[in-house]
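**Q** Numbers given in the working numbering equal positions in the sequence shown, counted from 1, plus 680.
Glycine is no exception: its CB is placed at the ideal position from the N, C-alpha and C atoms.
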Amino acid sequence: MPTASAAKNNNQKPLAFEIKSADLPLVALILKTGDLVAVETQLLSQFGPLSNSPDFFNDDALVIDCGQLAADSESLDLPHLVTVLRQCKLVAVAVRHAPASTLLEARRLGLVEAHEVYVPAPAVKFPPVVQAPVQKELPLASASAPTMVIDKPIRSGQKIYAKGGDLIILSMVNRGAEVVADGNIHVYAALRGKAMAGAKGNTKARIFALAMEAELVSVAGIYRTAEKPFASDVLGRPTQIRLSDDNQEKLLIEPLMP
Numbered sequence: 681m682p683t684a685s686a687a688k689n690n691n692q693k694p695l696a697f698e699i700k701s702a703d704l705p706l707v708a709l710i711l712k713t714g715d716l717v718a719v720e721t722q723l724l725s726q727f728g729p730l731s732n733s734p735d736f737f738n739d740d741a742l743v744i745d746c747g748q749l750a751a752d753s754e755s756l757d758l759p760h761l762v763t764v765l766r767q768c769k770l771v772a773v774a775v776r777h778a779p780a781s782t783l784l785e786a787r788r789l790g791l792v793e794a795h796e797v798y799v800p801a802p803a804v805k806f807p808p809v810v811q812a813p814v815q816k817e818l819p820l821a822s823a824s825a826p827t828m829v830i831d832k833p834i835r836s837g838q839k840i841y842a843k844g845g846d847l848i849i850l851s852m853v854n855r856g857a858e859v860v861a862d863g864n865i866h867v868y869a870a871l872r873g874k875a876m877a878g879a880k881g882n883t884k885a886r887i888f889a890l891a892m893e894a895e896l897v898s899v900a901g902i903y904r905t906a907e908k909p910f911a912s913d914v915l916g917r918p919t920q921i922r923l924s925d926d927n928q929e930k931l932l933i934e935p936l937m938p
């Protein structure tokens, strides 16, 4: 029979694991059409094994977004789409804005339903409360969002994520590196890797770089790759990247200086 001392020691064993929330950057595939033949052709031509950028992605986690598909579009062949994505070194982990039939197929494949990050709280009406007059106090200043500052070059293969705020980089972002922020990204040197601002859906986020040579830029999931050459007035020059203000989710790449 174990002694009381032994039982006490067993109770004091260190925890074998912890479960915590994790904020990880994801790539979103926003489907514009239910024609998977067209989707497959374009994906493989840009990122497939025989394309010019077969190593553009490196087993990046991806969300399949069906929000822009027509309501009467046919059910997607998800198993085939997932296979095509794997050929492009993209790993589908979730779907969002999908109809019930697509969600059912997604669950069979082990994918989860991704919900919106920002969900407005419902308005709640409280009955009026009569209170005694109190001395008015000055409101406390709200805490500013955290800002991450990196003063060393970001090497190929490195991934930097600024959770909940802006990212400031004082040195070069090399090709093959990836910088991600929930807020804005400022690169006070050449930006040659991937930069993704507004990672949690902030459409007001922007990317600033002193020398625009990026492999990929993205704001709130809307991205542009270097497969299509950047305009001469921004290539290698001070540049800002933002979304248009007309609700069209158009990525604008503009010179910072005339």
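Three-state secondary structure (DSSP) at residue 935?
**A** Position 255 of the sequence shown holds residue 935. The answer is strand: DSSP assigns residue 935 an E or B state.
**Q** Bridge partners of residue 887, per DSSP?
**A** Against the sequence shown, residue 887 aligns to sequence position 207. In DSSP, residue 887 forms a bridge with 865 and 921.
**Q** Can you tell me whether DSSP reads residue 720 as helix, strand or coil?
**A** On the sequence shown, position 40 is the one that residue 720 refers to. In this structure, residue 720 counts as helix in the three-state DSSP scheme.
**Q** Under the DSSP definition of a beta bridge, which residues are partnered with residue 708?
**A** Walking along the sequence shown from the start, residue 708 turns up at place 28. For residue 708, which the question treats as bridged, DSSP gives the partners 743.
**Q** By how many angstroms is the C-alpha of residue 758 removed from the C-alpha of residue 785?
**A** If you number the sequence shown from 1, residue 785 lands on position 105. If you number the sequence shown from 1, residue 758 lands on position 78. Near 7 Å, if we compare the C-alpha coordinates of residue 758 and residue 785.
**Q** Closest by CA to residue 773, which one among 779, 781 and 761?
**A** Stepping through the sequence shown from its first residue, residue 773 is reached at position 93. Ranking the options by Cα distance to residue 773, first place goes to 761.
**Q** For residue 924, which residues in the same chain have their Cβ closer than 7 Å to its Cβ, ignoring the five residues on either side in sequence?
**A** Numbered from its first residue, the sequence shown carries residue 924 at position 244. Around residue 924: 930 and 932.
**Q** For residue 860, decide whether its Cβ has a neighbour in chain D, counting only Cβ atoms nearer than 7 Å.
**A** Among the protein chains of the structure shown there is no chain D, as only one such chain exists.
**Q** Going by CA-CA distance only, name the one from 828, 855 and 856 that's closest to residue 849.
**A** Here residue 849 refers to the residue found at position 169 when the sequence shown is read from its first residue. For residue 849, the nearest C-alpha among the options comes from 828.
**Q** So which of 926, 927, 845 and 912 has the shortest CA-CA distance to residue 887?
**A** In the sequence shown, counting from the first residue as 1, residue 887 sits at position 207. For residue 887, the nearest C-alpha among the options comes from 845.
**Q** For the 8 Å Cβ check, are there 3 or more pairs between the region 858-871 and the region 891-898?
**A** Cβ pair count under 8 Å is three or more, so yes.
**Q** CB-CB under 7 Å to residue 922, same chain, minus the five flanking residues each way: which ones, in chain order?
**A** By one-based count along the sequence shown, residue 922 stands at place 242. Contacts found: 886, 899 and 932.
**Q** Can you give me the start and stop residues for the beta strand (DSSP E) that residue 898 sits inside?
**A** As a working note, residue 898 is residue 218 in the sequence shown. Where residue 898 is concerned, the enclosing beta strand (DSSP E) stretches over 896-899.
**Q** Between the Cα of residue 839 and those of 738, 695, 732 and 781, spot the shortest distance and give me the residue it belongs to.
**A** Numbered from its first residue, the sequence shown carries residue 839 at position 159. Looking at the Cα atoms, 738 is the closest of the given residues.
**Q** Compute the beta-carbon to beta-carbon distance between residue 873 and residue 830, rounded to the nearest angstrom, for a pair I have assumed lies under 8 Å.
**A** Taking the first residue of the sequence shown as 1, we reach residue 873 at position 193. Taking the first residue of the sequence shown as 1, we reach residue 830 at position 150. That pair is no contact at about 13 Å.
**Q** May I ask which residues mark the beginning and end of the alpha helix (DSSP H) holding residue 770?
**A** Here residue 770 corresponds to residue number 90 of the sequence shown, with the count starting at 1. That residue, residue 770, is in no alpha helix (DSSP H); its beta strand (DSSP E) goes 770-776.
**Q** What does the alpha-carbon distance come out to for the pair residue 733 and residue 696?
**A** One-based indexing of the sequence shown puts residue 733 at position 53. One-based indexing of the sequence shown puts residue 696 at position 16. When rounded, the distance between both Cα atoms is 41 Å.
**Q** Per DSSP, which one or two residues make a beta bridge with residue 624?
**A** Here the chain has residues from 681 to 938 only, and residue 624 is not among them.
**Q** Given that a residue counts as buried once 16 or more other Cβ atoms are within 10 Å of its Cβ, and exposed if not, what is residue 942?
**A** This structure does not reach residue 942, given that the chain is present from 681 up to 938, and the question cannot be answered.
**Q** Starting from residue 783, follow the alpha helix (DSSP H) in both directions and report where the run begins and ends.
**A** The sequence position of residue 783 within the sequence shown is 103, counting from 1. Note, residue 783: alpha helix (DSSP H), 780-788.
**Q** To the nearest angstrom, report how far apart residue 911 and residue 935 are at their CA atoms.
**A** Within the sequence shown, residue 911 is the residue found at index 231, counting from 1. Within the sequence shown, residue 935 is the residue found at index 255, counting from 1. Between residue 911 and residue 935, the C-alpha separation is close to 10 Å.
**Q** Could you tell me which residues DSSP puts in a beta bridge with residue 835?
**A** Translated into the one-based positions of the sequence shown, residue 835 becomes position 155. Bridge partners of residue 835: none, in fact.
**Q** Who are the near neighbours of residue 724 in its chain, counting only those whose CB is closer than 8 Å to its CB and skipping five residues on each side?
**A** Position 44 of the sequence shown, counting from 1, holds the residue named residue 724. Hits under 8 Å: 730, 731, 764, 767 and 768.
**Q** Helix, strand or coil for residue 762 per DSSP?
**A** As a position in the sequence shown, residue 762 is number 82, starting the count at 1. Reduced to three states, the DSSP call for residue 762 is helix.
**Q** Please classify residue 770 as buried or exposed, where buried requires at least 16 other C-beta atoms within 10 Å of its C-beta.
**A** To locate residue 770, count along the sequence shown from 1; it is residue 90. Classification for residue 770: buried.
**Q** Relative to the C-alpha of residue 826, which candidate in 906, 865, 736 and 748 has its C-alpha closest?
**A** The residue you call residue 826 lines up with position 146 of the sequence shown. Of the listed residues, the one whose Cα sits closest to residue 826 is 865.
**Q** Could you check which residue in 843, 756, 871 and 913 has the C-alpha nearest to that of residue 853?
**A** Reading the sequence shown from its first residue, position 173 is the one you call residue 853. Selected option, being the one with the closest Cα: 871.
**Q** Determine the burial state of residue 698: buried for a count of at least 16 other Cβ atoms within 10 Å of its Cβ, exposed for fewer.
**A** Here residue 698 refers to the residue found at position 18 when the sequence shown is read from its first residue. Classification of residue 698: exposed, given that the 10 Å Cβ count is below 16.
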